[in-house]
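K.L.:
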Amino acid sequence: MRKTLNTTTALVASLHLAFPHAAFAQQDDATAAQIREVCAEIGAEDCAATLGISVEEVQAVLDAGPQGEGAANANAAAEAQAAEEAAAAAEAEAAAEQQAQAEAAAAEEAQAAEEAAAAEAEAAAEQQAQAEAAAAEEAQAAEEAAAAEAEAAAEQQAQAQADAAAAAEAQAAEEAAAAEAEAEAETAETAPSADDDAARVAEGLAEDAETDAGTEAQAEAGTETEAESETAEVENPEMAPENQMTDSERAALEGGGAAEVAATDDDAAPAEEIANQTVTDETARSSTEDFDSAIDRDAAAAEGEAEVAVEDDDDGLSTLQKALIAGAGVLAVGALLNNNRQVVASSQDRVVVEGQDGGLELIKDDTAILQRPGTDVSTERFDDGSTRTTVTREDGTRIVTIRDSDLRVLRRTRIDPDGTRTVLLDDTAEVQAVDVTRLQQPATETTGMTEDDLRRALANEGAFDRGYSLSQVRNIAEVRNQVPAISLDNITFETGSAAIQPEQADELTALGRFIRERIEENPREIFMVEGHTDAVGNAAYNLALSDRRAESVALALTEYFDVPPENLVVQGYGERFLKVPTLEAERANRRATLRRITPLLQVARAN
23 MRKTLNTTTA LVASLHLAFP HAAFAQQDDA TAAQIREVCA EIGAEDCAAT
73 LGISVEEVQA VLDAGPQGEG AANANAAAEA QAAEEAAAAA EAEAAAEQQA
123 QAEAAAAEEA QAAEEAAAAE AEAAAEQQAQ AEAAAAEEAQ AAEEAAAAEA
173 EAAAEQQAQA QADAAAAAEA QAAEEAAAAE AEAEAETAET APSADDDAAR
223 VAEGLAEDAE TDAGTEAQAE AGTETEAESE TAEVENPEMA PENQMTDSER
273 AALEGGGAAE VAATDDDAAP AEEIANQTVT DETARSSTED FDSAIDRDAA
323 AAEGEAEVAV EDDDDGLSTL QKALIAGAGV LAVGALLNNN RQVVASSQDR
373 VVVEGQDGGL ELIKDDTAIL QRPGTDVSTE RFDDGSTRTT VTREDGTRIV
423 TIRDSDLRVL RRTRIDPDGT RTVLLDDTAE VQAVDVTRLQ QPATETTGMT
473 EDDLRRALAN EGAFDRGYSL SQVRNIAEVR NQVPAISLDN ITFETGSAAI
523 QPEQADELTA LGRFIRERIE ENPREIFMVE GHTDAVGNAA YNLALSDRRA
573 ESVALALTEY FDVPPENLVV QGYGERFLKV PTLEAERANR RATLRRITPL
623 LQVARAN
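Heads up: take any position in the sequence shown, counting from 1, add 22, and you land on this note's numbering.
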């Protein structure tokens with residue numbers, strides 16, 4: 023027994039040394055079983071004293087047995103696992119917090135970068151805006167400087183024009199005074215009739231060329247003259263003084279009573295028949311061709327022709343009528359007509375005369391555009407100098423034109439084959455005077471219009487409280503400016519030429535179609551084609567050339583688009599109404615415009 027006790031005590035002591043009390047409850051199953059066995063033998067109190075733990079702990083181990091130890095071990099394992107999980111959670115939480123801090127820092131950096139970029143962009147935009155503002159200020163300053171320079175140039179040019187006009191007016195007045203003195207001296211020796219221009223011609227009428235060679239030489243010379251005339255005086259151009267009123271303009275402003283001429287009386291017997299011809303393709307001029315004869319403005323060159331003309335003028339015809347209607351030749355430059363008008367430019371188709379006041383007037387045969395291939399043309403002259411020209415077409419339609427002794431159109435009538443009469447123009451009725459200050463504001467000249475815009479502009483009837491004669495429309499700018507002018511921008515002319523190129527005529531398609539449709543709707547429609555030149559060259563020459571250009575446009579409308587020529591009126595204005603205000607050669611000024619003047623004419627209002 024004692025031996026056993028000693029052995030047990032020794033065992034307990036050895037176990038005490040091997041397993042401290044803190045690890046008593048945490049030993050593996052084998053060791054725990056040995057401890058329980060020893061403690062069971064020596065008692066709980068001795069075991070507790072030996073191991074240095076409380077009796078309750080020893081007793082709890084002895085009571086729990088092997089299962090209690092397992093539970094304790096399980097609890098310990100669970101606690102360890104929980105500790106590990108807690109540590110892992112803490113570590114994860116720390117990592118998450120660290121990541122959140124990193125993300126927050128990155129977000130702050132991104133926001134800072136974005137704000138910096140925005141600030142940089144704003145600064146760049148502000149810098150660009152400042153640069154643009156500076157550029158705009160510079161551009162505006164340059165524009166203002168250019169405008170000031172242009173204004174100064176325009177003022178200088180206007181002054182130059184005014185000086186040139188004053189010089190031209192002074193020269194014209196001096197020449198007119200000399201011509202008047204010469205005419206008075208001639209009148210003292212002879213007393214010519216006022217109705218017969220031939221007796222007052224200073225240099226006469228030139229004969230037609232007798233041979234083909236002569237005609238070709240004249241045509242060649244004419245081409246050279248026209249090519250040179252519009253460029254001959256670039257350094258010192260002659261400007262037609264716009265403020266100088268011509269006799270026709272003064273008469274148009276003043277109005278007057280009804281024109282009574284013998285040619286308007288169907289029963290009156292003509293004094294003679296001036297001309298009777300059938301127009302052929304060879305004798306009719308096309309819009310693509312220039313005129314055969316040159317526009318002569320050199321009195322010295324015409325001196326020899328004048329002598330021949332005087333000798334041959336024995337048939338009692340008016341010199342002017344013989345030259346322009348009968349085609350007897352070119353009226354000599356320098357010739358004096360009635361009312362002391364002097365010829366300053368002349369061709370077979372047109373004459374420009376200068377009145378005592380220095381104003382230039384154009385005299386021509388207005389029936390020329392009616393004389394198309396296949397027509398028969400006859401002209402009768404009456405005792406008072408008036409004429410009646412009848413143009414008969416192949417279908418029997420007749421166009422009858424009545425003119426006074428100066429070839430001014432007084433009436434134009436179309437007579438259809440069935441006898442229907444349509445009065446197109448009538449200046450035989452009494453006309454009122456014109457007060458230009460009471461007229462409507464001028465309509466603007468239109469360019470670059472669409473076909474619809476063109477139709478609206480030309481179809482505008484306006485609201486006019488009175489009608490005007492054709493002479494008033496032709497001679498008073500304020501009257502005709504009450505209706506729109508269509509600028510034919512695509513129709514321009516070479517220097518000294520009145521010919522239209524075929525490709526240019528194609529540009530008139532919309533206009534030609536509209537005019538033809540309007541005339542089909544209203545046979546009394548009248549359109550006026552106006553011709554213009556630039557300011558280079560002689561003013562008298564330019565006046566005749568501009569009228570030729572207007573005639574070419576009218577011919578193109580007839581040739582290409584079947585516009586009835588009797589519904590067209592042509593009028594040249596030379597260099598008086600420049601589109602581009604310059605004394606230099608300017609193609610834009612060598613142009614034509616068109617107006618629908620029907621609303622202005624008193625004959626249209628009467629019908």
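Beta carbons: idealized from backbone N, C-alpha and C, even for Gly.
Note that this is a predicted model, so its numbers are computed, not measured.
#1: Suppose you measure from the CA of R617 to the CA of V505; what does that come to, to the nearest Å?
#2: So, is D474 buried or exposed, given that buried needs 16 or more other C-beta atoms within 10 angstroms?
#3: Decide if S660 is buried, meaning its Cβ has at least 16 other Cβ atoms within 10 Å, or exposed.
#4: With a cut-off of 8 Å, do at least 3 Cβ pairs link the stretch 400-407 to the stretch 445-459?
#5: Quick one: is E148 buried, meaning 16 or more other Cβ sit within 10 Å of its Cβ, or exposed?
#6: Can you give me the C-alpha to C-alpha distance between R272 and S493, rounded to a whole angstrom?
#7: Assuming D312 contacts A607 under a Cβ cut-off of 8 Å, what Cβ separation, rounded to an integer in Å, is found between them?
#8: Could you pull out every unbroken beta strand (DSSP E) segment of at least 3 residues lying fully inside the stretch 371-420, listed in chain order?
#9: Starting from T537, follow the alpha helix (DSSP H) in both directions and report where the run begins and ends.
#10: Please classify E278 as buried or exposed, where buried requires at least 16 other C-beta atoms within 10 Å of its C-beta.
#11: Would you say F583 touches the ligand COA, meaning its beta carbon is less than 6 Å from a heavy atom?
#12: Report back the beta-carbon spacing between N589 and E543 to the nearest angstrom; my notes put them in contact at under 8 Å.
#13: Let's test the definition: count the other Cβ atoms within 10 Å of the Cβ of Q120 and tell me whether it reaches 16, buried, or not, exposed.
#14: Return the chain-ordered list of same chain residues with a C-beta closer than 8 Å to the C-beta of R372, the five sequence neighbours on each side being excluded.
#15: Check whether the Cβ atoms of T397 and V301 sit closer than 7 Å, and answer yes or no.
#16: Considering only residues of the same chain and omitting the five flanking positions on each side of E67, which have a CB-CB separation below 7 Å?
#17: Going by the CB atoms, is the gap between R478 and D556 shorter than 7 Å?
#18: Tell me whether A614 is buried or exposed, calling it buried when 16 or more other Cβ atoms sit within 10 Å of its Cβ.
#19: Does the beta-carbon of S215 have 16 or more other beta-carbons within 10 angstroms, so that it is buried, or is it exposed?
#20: Nearest by alpha-carbon distance to D440: which of P464, A157, R420 is it?
#21: When you compare only the Cα positions, how much space is there between E106 and E115?
#22: If we count the other Cβ atoms within 10 Å of its Cβ and call it buried at 16 or more, is E581 buried or exposed?
#23: Under 7 Å, Cβ to Cβ, is there at least one residue of chain B near A147?
#24: Considering Cα atoms alone, identify which of E113, L73, Y563, P587 is closest to E597.
#25: Which residues in the same chain as A610 place their Cβ atom closer than 6 Å to its Cβ, once the five residues preceding and following it in sequence are excluded?
#26: From the DSSP output, which residues share a beta bridge with I424?
#27: Considering only residues of the stretch 142-169, which uninterrupted beta strand (DSSP E) runs meet the minimum length of 3 residues and lie entirely inside it, listed in chain order?
#28: What did DSSP end up calling A507 once you bin it into helix, strand or coil?
#29: Could you check what DSSP says for R613 in three-state terms: helix, strand or coil?
#30: Any chance you could list the beta strand (DSSP E) runs of at least 3 consecutive residues sitting entirely within the stretch 565-601, in chain order?
#31: Return helix, strand or coil for N482, following the three-state DSSP convention.
#32: If we ignore side chains and look at the alpha-carbon of each, how far apart do A109 and A118 end up?
#33: Among L392, T531, N361, which one has its Cα closest to the Cα of Q378?
#34: Tell me the rounded alpha-carbon separation between S519 and R496.
#35: Just to check my reading of the structure: R538 and F583 have Cβ atoms closer than 8 Å, yes? What is that Cβ distance to the nearest angstrom?
P.N.:
The structure says:
#1: Sequence index remark: in the sequence shown, residue 617 carries index 595 (1-based). Sequence index remark: in the sequence shown, residue 505 carries index 483 (1-based). Annotation: R617 to V505 spans about 7 Å, alpha carbon to alpha carbon.
#2: Taking the sequence shown and counting its residues from 1, one reaches residue 474 at position 452. When all chains shown are included, D474 counts as exposed.
#3: Outside the modelled stretch of the chain, which goes from 23 to 629, sits residue 660, for which no answer is possible.
#4: They do not touch, by the three-pair rule.
#5: To locate residue 148, count along the sequence shown from 1; it is residue 126. By the neighbour-count rule (16 or more Cβ atoms within 10 Å), E148 is not buried but exposed.
#6: Taking the first residue of the sequence shown as position 1, residue 272 is located at position 250. Taking the first residue of the sequence shown as position 1, residue 493 is located at position 471. Take the alpha-carbon of R272 and the one of S493: they are about 11 Å apart.
#7: Here the question's residue 312 lines up with position 290 in the sequence shown. Here the question's residue 607 lines up with position 585 in the sequence shown. About 18 Å separates the CB atoms of D312 and A607; that is not less than 8 Å, and the two are not in contact.
#8: Taking only runs of at least 3 residues, the beta strand (DSSP E) segments lying wholly in the stretch 371-420 are 372-376, 382-386, 398-403, 409-414.
#9: The residue labelled residue 537 in the question sits at position 515 within the sequence shown. Sequence inspection shows Ile at residue 537; the Thr mentioned does not correspond to that position. Counting along the chain, the alpha helix (DSSP H) containing I537 begins and ends at 531-543.
#10: The count along the sequence shown starts at 1 and reaches residue 278 at position 256. A quick correction: the sequence has Gly, not Glu, at residue 278. Only exposed fits G278, as fewer than 16 other CB atoms lie within 10 angstroms of its CB.
#11: Looking at this structure, you won't find the ligand COA or any other ligand, since it has none at all.
#12: As a working mapping, residue 589 is identified with position 567 in the sequence shown. As a working mapping, residue 543 is identified with position 521 in the sequence shown. Actually they do not touch by this definition, with Cβ atoms about 12 Å apart.
#13: Start at 1 with the first residue of the sequence shown, and residue 120 comes out as number 98. Under the 10 Å beta carbon count, Q120 is surrounded by fewer than 16 other beta carbons and is classified as exposed.
#14: Residue 372 sits at position 350 when you count from the first residue of the sequence shown. The residues I317, L346, L384, I385, K386, A566, D569, R570, in chain order, have a CB closer than 8 Å to that of R372 in the same chain once the five nearest residues on each side in sequence are set aside.
#15: One-based indexing of the sequence shown puts residue 397 at position 375. One-based indexing of the sequence shown puts residue 301 at position 279. Yes.
#16: In the sequence shown, counting from the first residue as 1, residue 67 sits at position 45. Contacts found: V77.
#17: As a working mapping, residue 556 is identified with position 534 in the sequence shown. As a working mapping, residue 478 is identified with position 456 in the sequence shown. With respect to the 7 Å criterion, D556 and R478 are not classified as neighbours on the basis of their beta carbons.
#18: On the sequence shown, position 592 is the one that residue 614 refers to. The residue is buried, with at least 16 neighbouring Cβ atoms inside 10 Å.
#19: Position 193 of the sequence shown holds residue 215. Model confidence at S215 stands at a pLDDT of 37, short of 50, so the residue's coordinates are unreliable; what they give is reported in the following sentence. Within 10 angstroms of the beta-carbon of S215 lie fewer than 16 other beta-carbons, which makes it exposed.
#20: Position 418 of the sequence shown, counted from the start, is the residue given in the question as residue 440. Residue R420 is the option with its Cα nearest to D440.
#21: The residue labelled residue 106 in the question sits at position 84 within the sequence shown. The residue labelled residue 115 in the question sits at position 93 within the sequence shown. Roughly 14 Å separates the two Cα atoms.
#22: Indexing the sequence shown from 1 puts residue 581 at position 559. When all chains shown are included, E581 counts as buried.
#23: Within the model displayed, chain B is absent; a lone protein chain is all it includes.
#24: By 1-based counting over the sequence shown, the position of residue 597 is 575. Taking only the C-alpha atoms, the option nearest E597 is Y563.
#25: As a first step, residue 610 must be located in the sequence shown, where it is residue number 588. Here the set comprises K601, V602.
#26: In the sequence shown, the residue the question calls residue 424 occupies position 402. R410, R433.
#27: Here no run is fully enclosed.
#28: Taking the sequence shown and counting its residues from 1, one reaches residue 507 at position 485. Strand.
#29: Translated into the one-based positions of the sequence shown, residue 613 becomes position 591. R613 sits in coil when the DSSP states are folded into three classes, being neither helix nor strand.
#30: The stretch 565-601 contains these whole beta strand (DSSP E) runs: 590-594.
#31: Counting from one through the sequence shown, the residue named residue 482 turns up at place 460. It is coil, neither helix nor strand.
#32: As a working mapping, residue 109 is identified with position 87 in the sequence shown. As a working mapping, residue 118 is identified with position 96 in the sequence shown. If I take the Cα positions, the gap works out to 14 Å.
#33: The residue given as residue 378 occupies position 356 in the sequence shown. Ranking the options by Cα distance to Q378, first place goes to N361.
#34: For this step, residue 519 is matched to residue 497 along the sequence shown. For this step, residue 496 is matched to residue 474 along the sequence shown. Here the alpha carbons of R496 and S519 stand approximately 23 Å from one another.
#35: For the purposes of this step, residue 538 is taken as residue 516 along the sequence shown, with counting starting at 1. For the purposes of this step, residue 583 is taken as residue 561 along the sequence shown, with counting starting at 1. About 6 Å separates the CB atoms of R538 and F583; that is less than 8 Å, so the two are in contact.
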